[in-house]
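**Q**
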Amino acid sequence: MKKILLFLLILPFAVIGQEKGITFEHGLNWSQIKEKAKKENKFIFVDLFTTWCGPCKYMSASVFPQTKVGDFFNSKFVNAKIQMDKTDKDSEEVKAWYEEAERFGKDYKIAAYPTFLIFNPQGELVHRMVGGGDADEFIERSKDALKSETQYYALLKAFNENPTDLSLAHRMVRAANTAYDEATVTQAEDIIISHTKPENLTKECAAYLVANTRTSRSKAFELLRDNPEKIDALLEKNGAANRVLATVAINEVLGTKIDFNTEPNWEALKTEISDKYTNINFDPIFKLMKAQYYVQSRNWSSLTNIVDSYLTSEDLNSNQLNSYAWEIFENSTDAACLDAALKWSKRAVEQDVKSAYLDTYANLLYKKGDKINAIKWQEEALSLATEGEQDNYQDTLAKMKSDIPTWNL
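Now the structure itself:
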């Protein structure tokens, strides 16, 4: 079975700090987990991961530990993690799950990581998601599992019973992309694209293509590839079509060739993929790919250089700017890196005033030694905070006022 490492270059990184996160069960077998879920009337969230999967490591280190993620999952789910590969360093608990892990892989056709399966309180599989993302996006995706009308397998059943329903096809594409179900994506896209001709492309259709194209084998990819100028004009955004085409191509061609223990030969990889897709400009996405690599490999000076380089010719959205800035705040003490991160964070706040962005800006000011302005911006972040963020931001503010570091030493 082909194992696919998902890089999800479009998705940003986590945006807030890490406090209390998801509580995963230990010492229970699958039957006991189902019994507990039934007794507590909770769904079951299962994280299927491997030790070699970069995005799996990212989710475990940067998303699962977040307070708001823990608040959501611990209240709604009994949570379990299953390691799908075997290593010489496996604990006895991991080894005890070897047989169950093999059954999960076979029964549920697991071909990409991370895969998340969600079961109802009766132990019946109702939802499937593949690939990571930031905390807010991941919570929103997981909420679909709690409602019968958005559960993946219920939607799949309805679609199979009404395969020509255009409205259902639109919903199915989104769900099937999330579940990494290429066959169903293609089937649903065929229905949607059959109603779309290049000569009558609309802004709505262009937005759909940009948001939902995930494979080069789809008709959506062909429409983007053959009509990039028209897509960009309809969306009033230069490079929109190219960005999607480049991201899809990189995920397919290079996704499994990245080793986080050894820095790749970037030029060789770029040449390889450029030779395969001669009409796609890979420069902007390659820089983002490098940025993600440097986050995973914890090379903060290289991350700073590549993000600054990207910003000289392209733009990052506020969430991406904030995410990279937070990574530097949490992990680097280098003055140049912190200066750059502060600049990114300020730019994010200027683009979109959100509590998480203000919190990042305040924390960076504080780490740089500007206590007065840090407290000012942290108070502003607290004033805009959601109920789930308030305790975390209040704790940060108290540390600032008491001259206590807000980062891990």
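Residue numbers for the sequence shown follow the numbering used here, so the first one is 8 and each next one is one higher. Even glycine gets a Cβ: it sits at the ideal position worked out from N, Cα and C.
(1) How close, in whole Å, do the beta carbons of residue 91 and residue 77 come, if the pair is a contact with beta carbons under 8 Å?
(2) Have a look at residue 123 and residue 136 and give me their C-alpha separation to the nearest angstrom.
(3) Enumerate in chain order the residues of its own chain whose CB-to-CB distance from residue 365 is below 8 Å, with the five nearest sequence positions on each side excluded.
(4) Taking the beta strand (DSSP E) that residue 55 belongs to, which residues open and close that run?
(5) Using the C-alpha atoms, what's the distance from residue 412 back to residue 403?
(6) Can you tell me where the alpha helix (DSSP H) holding residue 311 begins and where it ends?
(7) Mind reading off the beta-carbon distance from residue 89 to residue 108? Whole number of angstroms is fine, and I expect it under 8 Å.
(8) Is the CB-CB distance between residue 210 and residue 241 below 8 Å?
(9) Round the Cβ separation of residue 180 and residue 156 to the nearest angstrom and send it over; I've been treating them as touching at under 8 Å.
(10) Got a sec: is the Cβ-Cβ distance from residue 337 to anything in chain B below 8 Å?
(11) Identify, in the order they occur along the chain, each residue of the same chain with its Cβ nearer than 6 Å to the Cβ of residue 328, setting aside the five sequence neighbours on each side.
(12) Alpha carbon to alpha carbon, what distance is there between residue 335 and residue 407?
(13) Between the region 220 to 230 and the region 181 to 200, do at least 3 Cβ pairs fall closer than 8 Å?
(14) Looking at the secondary structure, which residues open and close the beta strand (DSSP E) in which residue 85 lies?
(15) With DSSP as the reference, identify every bridge partner of residue 134, one or two as the case may be.
(16) Take the Cβ of residue 250 as the centre, count every other Cβ of all protein chains shown within 10 Å, and call the residue buried at 16 or more, exposed below.
(17) With burial defined as no fewer than 16 other Cβ atoms inside 10 Å of the residue's Cβ, what is the status of residue 16: buried or exposed?
(18) With a 10 Å radius around its C-beta and 16 neighbouring C-beta atoms as the bar for buried, classify residue 102 as buried or exposed.
(19) Tell me whether residue 119 sits in a helix, a strand or coil according to DSSP, three-state version.
(20) Please report the Cβ distance between residue 134 and residue 151, rounded to the nearest whole angstrom; I am assuming they are in contact, meaning their Cβ atoms lie under 8 Å.
(21) For the alpha helix (DSSP H) that contains residue 163, what are its first and last residues?
(22) My understanding is that residue 43 touches residue 85, with C-beta atoms under 8 Å, so please give their C-beta distance in whole angstroms.
(23) Cβ of residue 94 within 7 Å of any heavy atom in the ligand COA?
(24) Residue 80 by DSSP, collapsed to three states: which one?
(25) Closest to residue 207 by C-alpha separation, out of 230, 194, 189 and 219, would be which residue?
(26) For a test of the three-state rule: what should DSSP assign to residue 31, helix, strand or coil?
(27) Which of helix, strand or coil does DSSP assign to residue 207?
(28) Tell me whether residue 235 sits in a helix, a strand or coil according to DSSP, three-state version.
(29) Throw me the rounded Cβ distance for the residue 470 and residue 50 pair, which I believe falls under 8 Å.
(30) Can you say whether residue 221 is buried or exposed, counting buried as having 16 or more other CB atoms within 10 angstroms of its CB?
(31) In the DSSP assignment, find the unbroken alpha helix (DSSP H) run with residue 62 in it and report its ends.
(32) Is it buried or exposed, residue 232, if we count other Cβ atoms within 10 angstroms and call 16 or more buried?
(33) Let me know the secondary structure DSSP gives residue 372 once reduced to three states.
(34) By how many angstroms is the C-alpha of residue 309 removed from the C-alpha of residue 316?
(35) Roughly how far, in whole angstroms, is the beta-carbon of residue 300 from the beta-carbon of residue 257, given that I think they are within contact range, below 8 Å?
(36) At the level of alpha carbons, what is the spacing between residue 30 and residue 286?
**A** Walking through what the data contain:
(1) Residue 91 to residue 77, Cβ: 23 Å. No contact.
(2) 5 Å
(3) 356, 384, 385, 387, 388 and 391
(4) 50 to 56
(5) 9 Å
(6) 307 to 318
(7) 5 Å
(8) yes
(9) Going by Cβ atoms, the distance from residue 180 to residue 156 rounds to 16 Å, so no, they are not a contact pair.
(10) The structure shown has no chain B; it contains just one protein chain.
(11) 351, 354 and 355
(12) 19 Å
(13) yes
(14) 84 to 90
(15) 125
(16) buried
(17) Reliability fails at residue 16, whose pLDDT of 45 lies under 50, so the model's placement of it is uncertain and the value that follows must be treated cautiously. Classification of residue 16: buried, given that the 10 Å Cβ count is 16 or more.
(18) exposed
(19) strand
(20) 6 Å
(21) 159 to 168
(22) 5 Å
(23) The ligand content of the structure shown is nil, which means the ligand COA is not present either.
(24) helix
(25) 230
(26) strand
(27) helix
(28) helix
(29) In this structure the chain extends from 8 to 416, so residue 470 is not present and cannot be described.
(30) buried
(31) 61 to 65
(32) buried
(33) helix
(34) 10 Å
(35) Not confirmed; about 12 Å, so no contact.
(36) 47 Å
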